[in-house]
Amino acid sequence: MRQVVLDTETTGLDASAGHRVIEIGCVELVHRRYSERSFHRYVNPERAIDQGALAVHGLGEGFLAKQPVFADVAAELIEFITGAELVIHNAAFDVGFLNTELARLSELPRLAGLPRDIREICEVRDTLALARRMHPGQRNSLDALAKRYSVDNSMRELHGALLDARILSEVYLAMTGGQVSLSLDAEAAAGDGAASAGPALLDREGLDRAGLDLVVLAASDAELDLHDAMLERMRKESERAPLWDRLAAAEPDYNPGLSPD
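Position one of the sequence shown corresponds to residue 7 (our numbering), numbered consecutively onward.
In structure tokens form, the structure reads like this:
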């Protein structure tokens with residue numbers, strides 16, 4: 007399973023009002039593990055940047071004017087994400103901006119083969135929608151989720167697409183890997199004007215697991231051999247059978263690699 011965690015920075019909040027993408031950051035996960043591949047480009051928006059957006063990401067017009075335009079990075083971006091599941095926080099925002107940028111390329115013959123909607127080449131998973139199902143009534147911004155799942159975002163003084171994609175990838179893996187915070191999230195809940203109902207996600211029976219796609223990794227033959235060697239060492243050093251041997255003797259059908267369910 008190949009996933010690409012994606013984030014963008016823009017000149018403003020509304021693509022339909024002419025705002026443009028100025029930065030794209032992608033981190034690749036393969037079977038829920040980091041690969042060595044990423045994608046990061048700054049983009050010349052060919053327009054002014056709203057002051058509110060500038061305060062968020064700090065990318066000035068002078069710096070961006072020296073960067074390639076979207077048409078010059080589009081093919082490379084599409085090649086990188088094609089066939090992957092995109093993991094995006096508030097996906098409607100980033101997908102909307104990228105699709106608007108792709109639509110502008112329709113009159114360029116050299117880019118005629120590019121899609122006009124990234125959903126044509128990728129599945130899209132919205133971590134904001136997932137977080138709202140998992141943490142109803144609580145703050146679910148990327149910063150709030152990073153705090154909830156103990157993901158270090160201390161370097162995030164300003165938003166940056168690649169940094170935010172990396173933080174989101176760690177948050178997403180924590181959200182979907184069964185690890186939960188025991189924090190009452192009282193401070194976060196107070197920010198939304200909602201009272202905390204108790205420790206986050208401890209009610210496992212009530213958790214909505216729709217959209218979660220967990221991967222079970224079986225031990226390899228080499229890992230099983232190492233395990234057997236460790237058991238043999240335990241037998242010799244403790245001069246008694248390890249727990250696995252005793253359980254196997256008491257229950258011939260016992261398999262420590264299987265869930266009791």
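Cβ coordinates follow ideal geometry from the N, Cα and C atoms, glycine included.
Once DSSP output is grouped into helix, strand and coil, what is the label at residue i?
{"i": "glutamine 73", "result": "coil"}
{"i": "valine 49", "result": "coil"}
{"i": "arginine 239", "result": "helix"}
{"i": "leucine 19", "result": "coil"}
{"i": "serine 41", "result": "strand"}
{"i": "arginine 125", "result": "helix"}
{"i": "glutamate 82", "result": "helix"}
{"i": "threonine 88", "result": "coil"}
{"i": "arginine 8", "result": "strand"}
What are the start and end residues of the alpha helix (DSSP H) that includes residue i?
{"i": "glutamine 57", "result": "57-63"}
{"i": "leucine 104", "result": "97-109"}
{"i": "aspartate 149", "result": "148-154"}
{"i": "alanine 167", "result": "167-182"}
Could you tell me the boundaries of the beta strand (DSSP E) in which residue i lies?
{"i": "arginine 131", "result": "129-132"}
{"i": "isoleucine 30", "result": "27-36"}
In whole angstroms, give me the CA-to-CA distance for residue i and residue j.
{"i": "aspartate 231", "j": "alanine 225", "result": "10 Å"}
{"i": "threonine 16", "j": "glycine 58", "result": "11 Å"}
{"i": "aspartate 149", "j": "asparagine 96", "result": "13 Å"}
{"i": "glutamate 211", "j": "phenylalanine 45", "result": "With a pLDDT of 44 at glutamate 211, under the threshold of 50, the modelled position of this residue cannot be trusted, and the question is left open."}
{"i": "phenylalanine 86", "j": "valine 11", "result": "11 Å"}
{"i": "glutamate 29", "j": "proline 142", "result": "31 Å"}
Apart from the five residues just before and just after residue i, which ones in its own chain have a Cβ nearer than 8 Å to its Cβ?
{"i": "arginine 138", "result": "Asn146"}
Candidates the options: which alpha carbon is nearest residue i's?
{"i": "histidine 37", "options": "Thr182, Gln144, Ser244 and Glu245", "result": "Thr182"}
Within the same chain, show all residues whose beta-carbon is closer than 6 Å to that of residue i, passing over the 5 residues directly before and after it, in chain order.
{"i": "glutamate 274", "result": "One cannot answer for residue 274 here, as it falls past the ends of the chain, which runs 7 to 267."}
{"i": "glycine 18", "result": "His25, Asp56 and Ala59"}
{"i": "serine 41", "result": "Glu34"}
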